[in-house]
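**Student:** After the structure tokens below, expect a handful of questions from me.
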Amino acid sequence: MLTRRVFLAGAAAAGLRAESEPRYRVGITTNTRGGWEKDVFLSFREAHEAGYSYVESFSDYFGDYLDRPHDLLQRTGAIGVRFETISNGGRMETHFEDPAKHEKIIEQHMHLVSFIKRLGCDHLKINTGPRRPGGTTGQDLKNMAVVFNLLGQRISGEGLKFGVHAHMWTQFENRREIDSVLGSTDPRHVWFVLDTGHITMAGIDPVELTRALGHRIIEFHLKDTQPEYRGGAKQRRERNDAMKDPIFFELGKGGVDFPAIKAHLDQIGWRGWLTVELDSSPYRPPKESARISKHYIESVLGIPL
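Numbering of the sequence shown is given in the working numbering, commencing with residue 45 and proceeding in unit increments.
Right, dumping it as structure tokens:
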């Protein structure tokens, strides 16, 4: 039986571990088109060679390992990387706006939570389903909030956090949708993943959104945009060909004011994940793009990897 003394001792130890972690934990998403998208273990090796110790990936890459996480940990350990998290997607149900799909959504996502918990991850980050031509309705947002609350409560019970990622061209994209969902969900169980590139191209200033959401954010996806989009693009971009017409770039391009974001995070004592991400690398190998962003994080933001 778990006594109160043992429970409190365990909680204190967990708290000490959390405090001993660096305030900013840096990882990288490695499905970059241009060389990393087809071989996940190659991407992990090259990310490690570029200086990263934590990787974020997607569930579709690990179908062969879902029932044997120990084997996956052995393989990634040999490479020298650890998992930050593994996102949903692919064959998983992601139509969160459809109440008829909620039971299946919860079942599949809790199975993923069980898997990533055994990999040592501390949160689940999710994307929502593809955006319909008519966009996301008010009822859609209410339905999404319902299932996010249910999922968040279940995931909290497993000792992990649950973060929803706003992403262009999905059901959860713009400021109206962000405000609606976060205003209708329990902040103890439903958190936010702020993607600096997608937020900018959705017409939102990522600096202002960082200030508005503060500790509701558990993870940033760090990507840059063209300088003319600083403060939020004036016109929404339709889905682009990421290899022929990229809109996201390595850190330092000038479209996102990363020093201002970090200054606010320093001010409020924020702790969490900073995840370098680049959808495509058409001009150089992904490993070189990863090194450019690493250099920016260390030399401009002053955050060691």
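The C-beta atom is built at its ideal place from N, Cα and C for all residues, glycine as well. The model shown is predicted, which means the values in this text are computed figures rather than measured ones.
Contact defined as beta carbons within less than 8 angstroms: I believe L110 pairs with L163. What is the distance between those atoms, to the nearest angstrom?
**Tutor:** Between L163 and L110 the Cβ distance is about 11 angstroms, and since that is not below 8 angstroms, they are no contact.
**Student:** Please state the DSSP three-state secondary structure of I248.
**Tutor:** Here I248 sits in coil by DSSP.
**Student:** Between the alpha carbons of Y68 and R315, how many angstroms are there, rounded?
**Tutor:** Cα to Cα, the separation comes out at about 6 angstroms.
**Student:** Mind the definition here: the region 212–220 touches the region 259–271 only if three or more C-beta pairs lie below 8 angstroms; say whether that holds.
**Tutor:** At 8 angstroms Cβ cutoff, the stretches do not touch.
**Student:** Given a threshold of 16 other Cβ atoms within 10 Å of its Cβ, counted over all protein chains shown, does A334 qualify as buried or as exposed?
**Tutor:** A334 should be labelled buried.
**Student:** Between the region 81–98 and the region 140–147, do three or more beta carbon pairs fall short of 8 angstroms?
**Tutor:** No, they do not touch.
**Student:** Counting pairs of Cβ atoms below 8 angstroms between the region 251–264 and the region 291–298, do you hit three or more?
**Tutor:** No, the region 251–264 is not in contact with the region 291–298.
**Student:** In this structure, what does DSSP give as the bridge partners for S324?
**Tutor:** Beta-bridge pairing links S324 to R77.
**Student:** Going by the beta-carbon positions, is the gap between K338 and L322 smaller than 8 angstroms?
**Tutor:** Not closer than 8 angstroms, so no.
**Student:** Select from D285, G241, E100 the residue whose C-alpha is nearest the C-alpha of T72.
**Tutor:** Position check: residue 72 holds Ile in this sequence, whereas Thr was assumed. Comparing Cα-Cα distances from I72 to each of D285, G241, E100, the minimum goes to E100.
**Student:** With a 10 Å radius around its C-beta and 16 neighbouring C-beta atoms as the bar for buried, classify D285 as buried or exposed.
**Tutor:** So D285 counts as exposed.
**Student:** What residue from E65, S64, T74 has the CA that sits closest to S324's CA?
**Tutor:** Nearest C-alpha to S324: T74.
**Student:** Give the C-beta separation of S103 and S131 to the nearest angstrom, bearing in mind that I take them to be a contact with Cβ-Cβ under 8 angstroms.
**Tutor:** Indeed they touch by this definition, with Cβ atoms about 7 angstroms apart.
**Student:** Can you check the region 90–155 for any beta strand (DSSP E) of at least 3 residues that lies completely inside it and give the ranges in chain order?
**Tutor:** Those beta strand (DSSP E) runs which fall completely within the region 90–155 and span 3+ residues are 98–102, 126–131.
**Student:** Can you grab the Cα-Cα spacing for the pair K217 / Q183, in whole Å?
**Tutor:** Per the sequence shown, residue 217 should be read as Glu rather than Lys. E217 and Q183: Cα-Cα distance of roughly 15 angstroms.
**Student:** Since F264 is in the beta strand (DSSP E), which residue starts that stretch and which ends it?
**Tutor:** Run containing F264: 261–266, per the beta strand (DSSP E) assignment.
**Student:** If you draw a straight line from the alpha carbon of A122 to that of K186, how long is it in whole angstroms?
**Tutor:** Spanning the two alpha carbons is a distance of roughly 45 angstroms.
**Student:** Note down, one range per segment and in chain order, each beta strand (DSSP E) of at least 3 residues found wholly within the region 186–217.
**Tutor:** For the region 186–217, whole beta strand (DSSP E) runs of length 3 or above, ordered along the chain, are 205–209.
**Student:** Could you check the C-alpha separation between S200 and D230 for me, to the nearest Å?
**Tutor:** Cα-Cα distance, rounded: 11 angstroms.
**Student:** Going straight from the alpha carbon of V225 to that of A189, what length do you get?
**Tutor:** Taking the straight line from one Cα to the other gives about 6 angstroms.
**Student:** What's the C-alpha gap between Q152 and G276?
**Tutor:** Distance between the alpha carbons of Q152 and G276: 35 angstroms.
**Student:** Any idea if H139 is buried or exposed, counting beta-carbon neighbours within 10 angstroms, 16 or more meaning buried?
**Tutor:** Buried.
**Student:** With a CB to CB cut of under 6 angstroms and the five nearest residues on each side skipped, what residues in its chain are close to G79?
**Tutor:** So the qualifying residues of the chain are P329, P330.
**Student:** Measure the C-alpha to C-alpha separation of I305 and E65 and round it to an integer number of angstroms.
**Tutor:** Between I305 and E65, the C-alpha separation is close to 20 angstroms.
**Student:** Considering only C-alpha positions, which residue in the set E93, R119, T254 is nearest to H308?
**Tutor:** Of the listed residues, the one whose Cα sits closest to H308 is T254.
**Student:** Quick one: what does DSSP say R335 is sitting in, helix, strand or coil?
**Tutor:** DSSP places R335 in helix when its eight states are reduced to three.
**Student:** Between which residues of its own chain and Y273 is the CB-CB distance below 7 angstroms, once the five residues before and five after are set aside?
**Tutor:** Counting only Cβ-Cβ distances below 7 angstroms, and skipping sequence neighbours, we find T244, M245, G299.
**Student:** Just to confirm the assignment, what range does the beta strand (DSSP E) spanning L238 have?
**Tutor:** Looking at the DSSP string, the run of the beta strand (DSSP E) that includes L238 is 235–239.
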